[in-house]
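Remarks on the structure that follows.
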Amino acid sequence: MNLRTLRAFVEVVRQGGFSQAADTVALTQSTVSKAVKTLEDELGTPLLNRLGHKNELTAAGEIAYRRALVILAERNDLVAEINDLRGLKRGVLRIGLPPVGCGVLFAAMFAAYRSRYPDIDIELTEYGSKKLRECLEAGEVDLAALLLPVDEGFDYQPVRNEPLIAVLPISHPLARRKRIDFTDLADSPFILFEAGFALNAKILSACERKGVAPKVTARSGQIDFIVDLVAAGLGVAFLPRMLAHKHQHAGIALIPLDEPHTDWHIALAWRASAHLPPAARAWLDLALEPAFSSGHGG
Numbered sequence: 112m113n114l115r116t117l118r119a120f121v122e123v124v125r126q127g128g129f130s131q132a133a134d135t136v137a138l139t140q141s142t143v144s145k146a147v148k149t150l151e152d153e154l155g156t157p158l159l160n161r162l163g164h165k166n167e168l169t170a171a172g173e174i175a176y177r178r179a180l181v182i183l184a185e186r187n188d189l190v191a192e193i194n195d196l197r198g199l200k201r202g203v204l205r206i207g208l209p210p211v212g213c214g215v216l217f218a219a220m221f222a223a224y225r226s227r228y229p230d231i232d233i234e235l236t237e238y239g240s241k242k243l244r245e246c247l248e249a250g251e252v253d254l255a256a257l258l259l260p261v262d263e264g265f266d267y268q269p270v271r272n273e274p275l276i277a278v279l280p281i282s283h284p285l286a287r288r289k290r291i292d293f294t295d296l297a298d299s300p301f302i303l304f305e306a307g308f309a310l311n312a313k314i315l316s317a318c319e320r321k322g323v324a325p326k327v328t329a330r331s332g333q334i335d336f337i338v339d340l341v342a343a344g345l346g347v348a349f350l351p352r353m354l355a356h357k358h359q360h361a362g363i364a365l366i367p368l369d370e371p372h373t374d375w376h377i378a379l380a381w382r383a384s385a386h387l388p389p390a391a392r393a394w395l396d397l398a399l400e401p402a403f404s405s406g407h408g409g
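Using our numbering, read the sequence shown as starting at 112 and increasing by one per residue.
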């Protein structure tokens with residue numbers, strides 16, 4: 112049994128005869144007749160009582176006709192839904208973002224995306240980089256914002272490159288410096304992000320290269336709280352430039368960090384072997400638009 116056979120049968124019933132049905136489905140009358148006979152053979156019972164030029168449905172024919180209408184309607188719905196998906200009228204954007212910088216980088220993009228594709232569902236997952244990588248590998252998200260370099264097996268599209276800024280209490284002896292490095296801060300306690308945030312690894316690796324073993328006095332996943340801890344004199348912290356400037360207040364000093372290989376270079380990543388759905392492709396395209404792509408080069 113196939114859809115073509117069902118369509119021929121339905122049109123025989125609708126049009127009241129084989130010749131009329133043949134015109135409707137653009138087949139020969141003999142082909143339509145053969146299709147109906149094939150369907151009767153498959154079901155093992157007559158579907159039509161042929162009375163001269165008139166055809167009436169048998170009891171089995173009534174059932175077959177009703178079911179065929181449902182099947183053909185489902186087929187049409189399937190095609191329509193796929194076309195909607197291609198046209199980004201439906202679908203799901205499954206994206207993973209880090210808590211750090213998520214709002215500053217992506218809030219405007221979310222608004223623009225929702226305006227363009229109002230019927231696309233957005234499933235947002237927020238974790239640190241380590242957990243986001245795991246989600247991406249498991250196929251739980253289609254895209255994830257990760258710090259470069261990304262792991263082997265991922266493709267990526269750069270989003271933003273920001274140098275790190277040292278955040279010091281205004282009372283710190285080095286608070287008036289023009290630039291600063293980790294050697295200068297060797298005796299200052301550090302305030303880092305929670306475990307699992309990739310920025311920690313960049314900071315600690317750079318310290319190790321300089322022979323600095325910092326004392327970590329606090330950790331948090333909340334930027335506001337980290338800045339408040341700095342202002343209270345608990346230690347020094349490090350933030351991407353755009354985030355540091357957004358959270359500046361009277362109790363802190365912001366000083367450019369003179370350390371190579373510590374830039375906060377964030378990208379949208381996906382599994383290299385994965386087929387990205389249209390909703391995810393649309394997000395990547397949006398991220399390339401000038402309104403959202405400034406700052407790639409830092």
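Even glycine gets a Cβ: it sits at the ideal position worked out from N, Cα and C.
If you're wondering where the values come from, they're calculated on a predicted model, not measured in any experiment.
Would you call the CB atoms of residue i and residue j closer than 8 Å?
i	j	result
Ala277	Gly207	no
Leu138	Met112	no
Trp381	Phe265	yes
Trp375	Leu315	no
Cys285	Leu368	Checking the sequence, you will find Leu at residue 285 rather than Cys. Cβ atoms of Leu285 and Leu368: not closer than 8 Å.
Leu344	Ala329	The residue asked about is misnamed: residue 344 is Gly in this sequence, not Leu. Going by C-beta atoms, Gly344 is not nearer than 8 Å to Ala329.
Leu397	Ala222	no
Phe349	Val211	no
Since I believe residue j is in contact with residue i (beta carbons under 8 Å), could you give me their beta-carbon distance rounded to a whole number of angstroms?
i	j	result
Leu168	Leu159	6 Å
Leu387	Asp298	Wrong, their Cβ atoms sit about 48 Å apart, outside the cutoff.
Ile377	His358	Between His358 and Ile377 the Cβ distance is about 17 Å, and since that is not below 8 Å, they are no contact.
Glu370	Ala317	5 Å
Leu216	Val270	7 Å
Roughly how many angstroms lie between the CA atoms of residue i and residue j, to the nearest whole one?
i	j	result
Ala306	Leu204	27 Å
Gly406	Ser282	Low confidence applies here, because Gly406 scores a pLDDT of 48, under 50, leaving its location unreliable; read the following figure in that light. Taking the straight line from one Cα to the other gives about 32 Å.
Tyr228	Asp195	11 Å
Phe293	Pro280	16 Å
Gly408	Glu273	Residue placement at Gly408 is flagged as unreliable, the pLDDT there being 44, under the threshold of 50; the coordinate-derived value follows with that caveat. When rounded, the distance between both Cα atoms is 8 Å.
Leu257	Val190	36 Å
Leu243	Glu237	8 Å
Glu400	Arg186	37 Å
Phe129	Val136	11 Å
Asp188	Tyr176	18 Å
Thinking C-alpha only, which one of the options is nearest residue i?
i	options	result
Leu395	Leu340, Met220, Leu275	Met220
Ser226	Leu399, Ala393, Leu247, Ser404	Ala393
Lys326	Lys313, Phe301, Gly344	Phe301
Met353	Lys241, Asp232, Gly214	Gly214
Ala385	Arg178, Lys321, Ala324, Glu248	Glu248
Is any non-hydrogen atom of the ligand FMN found closer than 7 Å to the C-beta of residue i, if you look at the structure I gave you?
i	result
Ala317	Absence of the ligand FMN from the depicted structure is noted, as is the absence of any ligand whatsoever, leaving it without description.
Under 8 Å between C-beta atoms, does residue i make it to chain C?
i	result
Asn311	Absent from the structure: chain C. Only one protein chain is present.
Next on the checklist: As an exercise, report each continuous beta strand (DSSP E) stretch of at least 3 residues that is fully enclosed by the stretch 195–265, in chain order.
Outcome noted: 203–208, 232–237, 254–258
Checklist entry - In the stretch 129–208, which residue ranges form an unbroken alpha helix (DSSP H) of at least 4 residues, counting only runs that do not cross its ends? => result Fully enclosed alpha helix (DSSP H) runs of 4 or longer: 129–136, 140–154, 170–197.
Next on the checklist: Which complete beta strand (DSSP E) runs does the stretch 309–361 hold, if anything under 3 residues is left out?
Outcome noted: 327–331, 348–351
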